[in-house]
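Residue numbers (this note's numbering): 27 to 523. From the three backbone atoms N, C-alpha and C, an ideal C-beta is built for every residue, glycine too. Computed from a prediction, not measured in an experiment: that's the story for all the values here. Remarks on the structure that follows.
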């Protein structure tokens with residue numbers, strides 16, 4: 027474990043309002059940030075998110091809304107900030123690509139690479155997809171449709187500037203062969219490696235003429251051109267946390283990033299373009315790039331045009347914030363695609379949250395009230411007196427933190443939560459097996475005290491480990507189970523009928 031942890035979400039494109047996909051990545055990042063703050067300290071974690079605000083899609087969306095591109099970006103960026111507040115996202119910095127600090131770094135990067143000879147002027151003739159802001163060869167779009175989004179491409183001919191991506195292909199292949207953990211999950215690593223082994227990279231067109239696209243960062247050596255949005259946006263990861271000195275050396279207390287999180291549809295930009303850009307600049311690479319799967323509706327990708335986009339605000343209004351966070355992180359292993367449905371949320375809510383966690387907390391607090399007038403028994407749990415069930419539960423309490431840590435170190439949110447719920451399940455079984463009402467009837471006060479104290483310790487440990495995943499629930503658990511006396515409130519998760 028290093029002495030700092032820097033993690034990022036991608037910059038979210040402001041051509042439309044945020045949806046479940048944006049919230050999924052950001053909640054996952056927030057969970058890791060909260061977890062790492064507990065592990066290494068508040069001041070040693072830096073969590074970056076933000077918005078990507080340049081490009082042709084933004085310019086056209088602004089025109090449709092009868093706004094300037096900057097006003098349109100300001101308005102939509104606020105929607106993301108507002109949603110992150112509603113989702114209790116604990117980011118340290120929110121960067122926007124229209125900010126001066128970012129523009130300055132992008133132009134510095136362009137200047138360094140141009141002087142180095144890695145950027146050159148050339149003519150582009152071919153196909154262009156405006157929605158994806160991507161150039162394609164005729165062979166890649168034989169039916170006149172973008173290979174990625176299946177929308178029509180247009181033929182263009184223009185003079186642009188190109189970054190020598192192909193020059194570094196063999197270097198990147200060598201790096202990936204020697205660093206198998208650079209891209210996760212392993213299926214994404216294999217996908218990237220296979221792409222590089224089977225295809226010859228084309229140099230990357232990194233500019234657009236101003237007469238076609240005015241909304242972008244001007245090239246310092248060619249003010250009649252603006253920077254391609256993907257070349258511009260990737261640089262945010264370094265523009266947010268450092269700067270280049272007078273000798274063109276990058277300086278930052280946080281870089282390299284320990285983890286870049288994103289969805290799988292932008293894998294290539296982060297595992298081909300970005301490593302090569304950094305290498306050409308003489309800047310170290312991030313430790314890990316993790317590309318998770320998509321949330322699907324009936325096995326179909328969500329899209330605004332299909333009208334099947336899920337609004338996170340509607341979900342948290344219906345089911346509560348922590349239930350939404352829990353569902354996204356528990357229902358599908360991080361990295362795989364998942365099918366989203368409200369029936370699946372309700373099933374998880376009633377089973378895991380109401381029946382398991384909520385029931386354990388409420389029945390335990392009720393027993394503390396009933397048997398000990400709300401005071402938590404002061405009992406030494408280190409003596410098990412041969413009770414294998416008690417010994418097993420106390421061992422699980424002690425082992426929970428390392429299990430959660432190991433899972434989160436691999437971005438396995440579902441497994442981390444399974445470990446927590448295994449302890450909850452054991453505690454609920456302990457209640458059924460022990461039958462505390464019989465202990466009371468038999469006047470076995472010492473056994474009853476130990477029984478209650480074990481349940482309290484389980485709930486405390488569960489509350490601690492849920493802090494990163496479900497911060498509001500963890501706070502309620504702390505509030506209800508004090509150091510010596512309880513303060514029972516309403517059930518944490520009333521069943522949904």
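Taking 7 Å as the cut-off, is the CB of residue i close to at least one heavy atom of the ligand SAH?
| i | result |
| --- | --- |
| residue 302 | In terms of ligand content, the structure shown is empty, and the ligand SAH therefore cannot be addressed. |
Among all the DSSP beta bridges, which residues are the ones paired with residue i?
| i | result |
| --- | --- |
| residue 252 | 234 and 244 |
| residue 276 | 270 |
| residue 39 | 78 |
| residue 477 | Its beta-bridge partners do not exist; DSSP assigns none. |
| residue 366 | For residue 366, which the question treats as bridged, DSSP gives no partner whatsoever. |
| residue 318 | 289 |
| residue 33 | 73 and 285 |
| residue 495 | Looking at the DSSP assignment, residue 495 forms no beta bridge with any residue, so it has no partner. |
| residue 326 | 323 |
| residue 421 | None; residue 421 has no bridge partner. |
| residue 120 | 75 |
| residue 511 | 401 |
Among the options, whose alpha-carbon lies nearest the alpha-carbon of residue i?
| i | options | result |
| --- | --- | --- |
| residue 122 | 177, 138, 482 and 40 | 40 |
| residue 482 | 88, 322 and 401 | 401 |
| residue 502 | 198, 366, 348 and 312 | 348 |
| residue 140 | 232, 325, 427 and 279 | 232 |
| residue 445 | 422, 477 and 511 | 422 |
| residue 126 | 450, 404 and 258 | 258 |
| residue 336 | 289, 270 and 50 | 50 |
| residue 522 | 381, 88 and 303 | 381 |
| residue 65 | 221, 427 and 460 | 427 |
| residue 500 | 383, 394 and 465 | 383 |
| residue 339 | 35, 111, 96 and 75 | 111 |
| residue 362 | 334, 325 and 458 | 325 |
| residue 31 | 131, 359 and 284 | 284 |
| residue 131 | 244, 507 and 344 | 244 |
| residue 247 | 449, 69, 134 and 437 | 134 |
| residue 194 | 379, 298 and 496 | 298 |
| residue 506 | 211, 394 and 197 | 394 |
| residue 343 | 357, 358 and 368 | 368 |
| residue 413 | 392, 170, 459 and 450 | 459 |
| residue 288 | 302, 161, 274 and 211 | 211 |
| residue 222 | 165, 302, 170 and 242 | 302 |
| residue 128 | 146, 269, 407 and 69 | 269 |
| residue 149 | 120, 182, 208 and 159 | 182 |
| residue 404 | 208, 473, 425 and 291 | 473 |
| residue 196 | 227, 166 and 275 | 227 |
| residue 207 | 437, 167, 358 and 120 | 437 |
| residue 240 | 88, 508, 34 and 468 | 88 |
| residue 47 | 90, 327, 166 and 280 | 327 |
| residue 82 | 358, 173 and 242 | 242 |
| residue 463 | 159, 449 and 392 | 392 |
Since residue i and residue j are thought to touch, with beta carbons under 8 Å apart, how far apart are those beta carbons, to the nearest angstrom?
| i | j | result |
| --- | --- | --- |
| residue 137 | residue 191 | The Cβ separation is near 18 Å, so there is no contact. |
| residue 430 | residue 480 | Actually they are not in contact, since the Cβ atoms of residue 430 and residue 480 sit about 20 Å apart, beyond 8 Å. |
| residue 453 | residue 478 | Residue 453 to residue 478, Cβ: 12 Å. No contact. |
| residue 98 | residue 84 | 7 Å |
| residue 52 | residue 77 | Residue 52 to residue 77, Cβ: 12 Å. No contact. |
| residue 322 | residue 365 | 5 Å |
| residue 22 | residue 43 | Residue 22 lies beyond the residue range present for the chain, which begins at 27 and ends at 523; the question has no answer from this structure. |
| residue 443 | residue 495 | 6 Å |
| residue 1 | residue 466 | Nothing about residue 1 can be reported from this structure: the residues present for the chain run from 27 to 523 only. |
| residue 345 | residue 307 | At roughly 45 Å, the Cβ-Cβ gap does not stay under 8 Å, so residue 345 and residue 307 are not in contact. |
| residue 305 | residue 296 | That belief does not hold up - the Cβ atoms of residue 305 and residue 296 are roughly 14 Å apart, past 8 Å. |
| residue 357 | residue 447 | At roughly 13 Å, the Cβ-Cβ gap does not stay under 8 Å, so residue 357 and residue 447 are not in contact. |
| residue 73 | residue 37 | So it is not a contact: roughly 14 Å between Cβ atoms. |
Do the stretch 103–122 and the stretch 42–62 touch if we need at least three Cβ pairs shorter than 8 Å? yes
Could you tell me which whole alpha helix (DSSP H) segments of length 4 or greater appear in the stretch 61–118? 82–90 and 95–112
Taking three-plus beta-carbon pairs below 8 Å as touching, is the stretch 212–222 in contact with the stretch 249–264? By the Cβ criterion, the stretch 212–222 is not in contact with the stretch 249–264, since fewer than three pairs of Cβ atoms, one from each stretch, lie closer than 8 Å.
Inspect the CB distances between the stretch 306–317 and the stretch 340–358 and report whether three or more fall short of 8 Å. no
Touching by the beta-carbon criterion (3+ pairs, under 8 Å), the stretch 365–378 and the stretch 484–494: Counting Cβ pairs under 8 Å, fewer than three are found: no touch.
Spell out a yes or no on whether the stretch 98–108 and the stretch 59–69 are touching, meaning 3 or more CB-CB pairs, one atom from each, closer than 8 Å. no
At 4 residues or longer, and completely inside the stretch 426–467: list those alpha helix (DSSP H) runs for me, N to C. Listed in chain order, the complete alpha helix (DSSP H) runs (minimum 4 residues) inside the stretch 426–467 are 439–460 and 462–467.
Would the stretch 143–158 count as touching the stretch 177–184 if we require 3 or more Cβ pairs under 8 Å? yes
Only counting runs of 4 or more residues, tell me where the alpha helix (DSSP H) segments fall wholly within the stretch 164–235, in order along the chain. 195–204 and 212–224
Touching or not, the stretch 506–518 and the stretch 386–399, by the rule of three or more beta carbon pairs under 8 Å? yes
Please give me, in chain order, every unbroken run of the alpha helix (DSSP H) with length at least 4 that falls completely inside the stretch 335–363. The stretch 335–363 contains these whole alpha helix (DSSP H) runs: 338–345 and 347–356.
So, does the stretch 242–255 touch the stretch 179–198, judging by three or more C-beta pairs under 8 Å? Using a Cβ-Cβ distance cut-off of 8 Å, the stretch 242–255 and the stretch 179–198 are in contact, since at least three pairs of beta carbons, one from each stretch, lie closer than that value.
Just checking, does the stretch 294–313 make contact with the stretch 192–202 on the three C-beta pairs under 8 Å criterion? Yes, they touch.
Of all the beta strand (DSSP E) runs that stay within the bounds of the stretch 134–163, which reach a length of 3 or more residues? 145–155 and 160–162
Can you check the stretch 374–414 for any alpha helix (DSSP H) of at least 4 residues that lies completely inside it and give the ranges in chain order? Restricting attention to alpha helix (DSSP H) runs no shorter than 4 residues, the stretch 374–414 encloses them at 385–398, ordered along the chain.
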